[in-house]
Amino acid sequence: MTGLPGVPPTSGQGEPVVVVGGGQGGFQLAVSLREAGHEGPITIVGDEPRLPYQRPPLSKEYLSGAVTADGVTLRTEQFFASRDITLALGAPVVEIDRVRREVVLGSGERLGYAHLVLATGARPRPLHVPGSDLAGVVSLRSLADAEALRVSLDGVARVVVIGGGFVGMEVAAAATRHGHAVTVVEGLDRPMARVVTPEVSDHVSGAHRASGTTILLNSAVRALRGSGGRVTAVELDTGELLPADLVVTGIGVLPNVELAEAAGLRTGNGVVVDERLVTSDPRISALGDCANYPSVHASGRRIRLESVQNAVDQARFVASRLAGDGQGRYSAVPWFWTHQHGSKVQMAGIPVLDGSHVVHGDVSAGRFSVFRFDRSGCLVTVESVNRAPDHMAARRLLAGDRRPTETDLVAAGYDLKALVA
Ligand SMILES: Cc1cc2nc3c(=O)[nH]c(=O)nc-3n(C[C@H](O)[C@H](O)[C@H](O)COP(=O)(O)OP(=O)(O)OC[C@H]3O[C@@H](n4cnc5c(N)ncnc54)[C@H](O)[C@@H]3O)c2cc1C
């Protein structure tokens with residue numbers, strides 16, 4: 199067993215591991231830790247009163263009615279019981295007592311840990327404009343939110359989505375398919391601008407507009423107007439009023455760091471961890487949406503990612519480290535996907551804003567990839583629209599020691615699989 203300096207190994211010593219957060223990352227940590235041979239107690243403490251579930255379908259298949267709440271559940275109760283993983287659900291952790299190495303639940307119960315893993319995720323960023331507390335103004339993070347949104351969609355005609363990020367655009371697609379009149383209000387000059395290139399934004403916007411969605415760009419919301427306590431319109435800073443029966447806000451998320459902060463752990467756009475995902479307390483790790491880590495795929499820059507891949511890969515990494523399979527730094531290639539109006543957009547790598555990019559494929563047919571290079575000319579990101587093989591190959595290429603340059607790609611005729619080989 200090769201323990202890491204400063205981090206106590208836990209496997210085989212019967213020591214308890216407690217995971218705060220029963221989402222994608224907390225679930226994966228518990229399962230992977232048991233699979234890695236950890237013999238001690240593993241407890242997932244989650245504030246939601248449900249078995250761990252997947253969030254991606256909430257804005258896609260669940261909203262469109264293609265899957266039910268059961269369909270998004272990750273595993274049954276029996277699965278956890280069979281692996282001797284204890285679930286404490288509907289149980290918020292309200293305090294971490296680092297001196298006694300215990301977490302305190304809302305009920306007052308205390309749970310001891312040898313190692314604690316924070317997988318507390320994130321919550322929707324609140325919209326701070328007058329009227330944002332009106333009925334009919336909702337956001338989407340949890341299954342409970344999605345259930346409420348689905349019910350709300352049944353009784354309304356005009357939907358305004360504030361924020362043209364991934365979740366906002368996915369909700370807009372689902373609402374349009376429901377037959378609603380949907381308007382997306384985005385502050386920047388194109389949807390999903392912080393992550394994808396203009397070519398991908400254009401493709402996705404085109405699909406939305408062709409389906410009847412109105413997208414207002416460079417637009418800011420000044421207030422939400424209502425009548426009888428219920429929202430009736432969105433007021434833009436130009437004074438324009440957009441009639442609305444339902445307003446969905448999708449303006450990003452805030453990492454859930456308050457627990458860590460109150461315990462004196464280092465925070466700052468997330469719970470700050472090192473390259474092994476250890477917090478400023480060597481007995482506490484953090485992962486997933488709440489973790490701020492230095493990424494080898496961003497030249498060591500600290501980032502915080504919000505994706506299933508990130509939560510799952512970080513959980514596997516921490517589980518393996520806790521089980522004593524000493525590893526160096528966390529280095530999995532980040533990747534992400536979104537589905538909108540029949541288009542599958544996938545991304546691998548961390549985008550750089552000051553680099554260059556090349557488009558390859560058939561843009562008009564909606565089957566193309568965008569290769570993004572950093573200033574030194576090395577490939578850093580591949581965005582694929584309906585080109586899953588490019589995406590798969592990109593993940594392997596970006597995981598390699600030597601990243602191809604644009605010259606390499608041209609020489610290979612942009613055949614990523616050939617470059618992988
Ligand atoms: C609508 C939607 C669509 C998405 N679509 C995609 C997609 O297409 N592709 C993709 O890659 N990613 C997608 N994501 C993002 C992805 O779901 C998240 O990145 C992922 O769930 C992060 O996992 P996590 O474990 O870090 O956090 P979460 O899954 O959010 O889990 C954190 C859990 O911790 C709980 N918690 C917080 N504080 C406490 C406390 N004090 N005590 C106990 N429990 C606590 C929270 O309530 C939550 O249950 C989507 C997210 C949403 C909301």
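In the numbering used here, the protein residues as written are 199 to 619.
Yeah, the Cβ is synthetic: ideal placement off N, Cα and C, and Gly gets one too.
Margin query: Just to confirm, is the Cβ distance from Trp533 to Ala546 under 7 Å?
Written below: Between Trp533 and Ala546, the C-beta gap is smaller than 7 Å, which places the two residues in contact.
Note to self: Could you compute how far the alpha carbon of Gly210 sits from the alpha carbon of Ala521?
What the structure shows: Low confidence applies here, because Gly210 scores a pLDDT of 47, under 50, leaving its location unreliable and the question unanswered by this model.
Notebook entry, point to check: Between Arg423 and ligand 1, is the CB less than 6 Å from at least one heavy atom?
Noted result: A distance criterion of 6 Å places the beta-carbon of Arg423 beyond contact range of ligand 1, judged by its closest non-hydrogen atom.
Checklist line | Backbone CA spacing between Ser562 and Val292 [nearest angstrom] | finding: Rounded to whole angstroms, Ser562 to Val292 spans 52 Å at the Cα level.
Notebook entry, point to check: Terminal residues of the continuous alpha helix (DSSP H) containing Asp343?
Noted result: Here the alpha helix (DSSP H) through Asp343 covers 341–352.
Item checked: Boundaries of the beta strand (DSSP E) in which Thr623 is found, first to last residue -> This structure does not reach residue 623, given that the chain is present from 199 up to 619, and the question cannot be answered.
Checklist line | Short Cβ contact (7 Å threshold) for Ser230 with Ala517 | finding: Yes, these two residues count as a Cβ contact at 7 Å.
Check: Quick one: does Ser409 have its CB under 7 Å from some CB of chain C?
Finding: Protein chain content of the structure displayed is limited to a single chain, and chain C is not contained in it.
Next item on the list: Under the assumption that Gly564 contacts Asn584 (Cβ atoms under 8 Å), give the Cβ distance between them as a whole number of angstroms.
Entry: Between Gly564 and Asn584, the beta carbon gap of about 6 Å places them in contact (Cβ cut-off 8 Å).
Item checked: Limits of the alpha helix (DSSP H) - the one that Arg594 falls within -> Here the alpha helix (DSSP H) through Arg594 covers 586–597.
Next item on the list: On a CA-only basis, which of Phe278, Leu303, Ile283, Arg296 is nearest Pro290? Give me that one, please.
Entry: The shortest C-alpha to C-alpha distance from Pro290 to any of Phe278, Leu303, Ile283, Arg296 is the one to Leu303.
Next item on the list: Label Ser554 either buried or exposed according to how many other C-beta atoms from any shown protein chain fall within 10 Å of its C-beta, with 16 as the threshold for buried.
Entry: That one is exposed.
Item checked: Sheet register partners of Ser337 (DSSP bridge) -> Under the DSSP definition of a beta bridge, Ser337 partners with Thr447.
Notebook entry, point to check: Does DSSP put Ala286 in a helix, in a strand, or in coil?
Noted result: In the structure shown, Ala286 adopts extended strand secondary structure according to DSSP, grouped into three states.
Notebook entry, point to check: Any contact of the stretch 319–326 with the stretch 445–464, i.e. 3+ C-beta pairs under 8 Å?
Noted result: Yes, since at least three Cβ pairs between the stretch 319–326 and the stretch 445–464 fall closer than 8 Å, the two stretches touch.
Notebook entry, point to check: In chain order, what residues of the same chain have a beta carbon less than 8 Å from the beta carbon of Thr208, not counting five sequence neighbours either side?
Noted result: The predicted model places Thr208 with a pLDDT of 46, which falls under 50 and marks its position as unreliable, so this point remains unresolved.
Margin query: Going by the DSSP bridge assignment, what does Glu293 pair with across the sheet?
Written below: DSSP output for Glu293 lists Val302 as bridge partner(s).
Check: Closest to Gly426 by CA distance: which of Ala342, Val358, His406, Asp331 is it?
Finding: Across the set Ala342, Val358, His406, Asp331, the C-alpha of Asp331 shows the shortest separation from the C-alpha of Gly426.
Margin query: Given the structure, does Thr536 come close to ligand 1, in the sense that its CB is under 6 Å from one of the ligand's heavy atoms?
Written below: Thr536: yes, Cβ under 6 Å from ligand 1.
Margin query: Alpha carbons only, please: which of Ala264, Gly363, Gly448 is nearest the one belonging to Val335?
Written below: Per the Cα distances, Gly448.
Next item on the list: Using three-state DSSP, classify Met545 as helix, strand or coil.
Entry: Strand, per DSSP.
Margin query: What does the Cβ neighbour count give for Asn416, buried or exposed, with the cut at 16 atoms within 10 Å?
Written below: Taking all protein chains in view, the Cβ of Asn416 is surrounded by fewer than 16 other Cβ atoms within 10 Å, so the residue is classified as exposed.
Margin query: ligand 3 and Val471: does the residue's C-beta get closer than 6 Å to at least one heavy atom of that ligand?
Written below: Although ligand 3 was asked about, the structure shown includes only ligand 1 as ligands.
Note to self: So the candidates are Cys576, Pro549, Glu581; which of them puts its Cα closest to the Cα of Gly559?
What the structure shows: Ranked by how close their Cα comes to the Cα of Gly559, the residues Cys576, Pro549, Glu581 have Glu581 in first place.
Next item on the list: Could you tell me whether the Cβ atoms of Thr430 and Arg423 are closer together than 7 Å?
Entry: Yes, Cβ-Cβ distance for Thr430 and Arg423 is below 7 Å.
Notebook entry, point to check: Regarding Leu444 and ligand 1, is the C-beta to nearest heavy atom distance less than 6 Å?
Noted result: No.
Note to self: Considering only heavy atoms of ligand 1, does any lie closer than 6 Å to the CB of Asp245?
What the structure shows: It does: the Cβ of Asp245 is within 6 Å (strictly closer) of some heavy atom of ligand 1.
Notebook entry, point to check: Looking at Gln222 and ligand 1, is the gap between the Cβ and the nearest heavy atom below 6 Å?
Noted result: For ligand 1, a non-hydrogen atom lies closer than 6 Å to the CB of Gln222.
Notebook entry, point to check: If you compare alpha carbons, which of Val506, Gln512, His537, Pro480 is closest to Pro492?
Noted result: The residue with the shortest Cα to Cα distance from Pro492 is Gln512.
Item checked: Option nearest Ala333 by Cα separation, candidates Asp472, Leu614, Asp443 -> Sorting Asp472, Leu614, Asp443 by C-alpha distance to the C-alpha of Ala333 places Asp443 at the top.
Next item on the list: Could you please give the first and the last residue of the uninterrupted beta strand (DSSP E) stretch that includes Gln538?
Entry: Its beta strand (DSSP E) spans residues 533–538.
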